[in-house]
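Residue numbers (my numbering): 532 to 643. C-beta: ideal position from N, C-alpha, C; glycine also. Being a predicted model, the structure only gives us computed values, none of them experimental. Working notes, beginning with the structure itself.
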């Protein structure tokens with residue numbers, strides 16, 4: 532998974548970049564369909580904004596957050612994208628028949 536951290540009206544320091552990457556890697560490691568993540572950090576006057584864009588197979592999601600502290604903005608945006616991805620992947624159904632499920636059906640048929 533590729534994580535790109537860029538800044539708009541700001542030069543991104545190495546500490547902020549590693550902070551954002553660590554937060555995203557911790558949460559997004561369980562989602563296997565994600566191919567790349569783009570983090571755009573923006574500063575306007577005293578407001579800091581973090582925008583996260585997730586790209587994957589049949590998947591494009593976006594979350595952003597704004598506050599007075601960049602780390603708080605990153606945390607809130609990561610929490611939002613985690614919530615969106617959890618909701619999305621909970622809705623997906625696996626339509627493949629598994630061996631265990633077919634064995635359960637056979638056992639029920641034999642018992643009846």
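- Taking the Cα of residue 602 as reference, the smallest distance to any Cα among 614, 579 and 567 is reached at 579.
- For residue 604 and residue 624, the gap between their C-alpha atoms comes out near 33 Å.
- As far as DSSP is concerned, residue 554 takes part in no beta bridge.
- The residues 609 and 613, in chain order, have a CB closer than 7 Å to that of residue 558 in the same chain once the five nearest residues on each side in sequence are set aside.
- In its chain, beyond the 5 residues on either side, 535 and 584 have a beta carbon closer than 6 Å to the beta carbon of residue 569.
- Beta-bridge partners of residue 613 (DSSP): none assigned.
- Restricted to the region 556-606, the beta strand (DSSP E) segments that are unbroken, complete and at least 3 residues in length are 565-575, 578-587 and 590-598, listed in chain order.
- One thing to note: residue 590 has its Cβ no nearer than 8 Å to the Cβ of residue 554.
- Within the same chain, and ignoring the five residues on either side of residue 551 in sequence, the residues whose Cβ sits closer than 7 Å to its Cβ are 536, 570 and 605.
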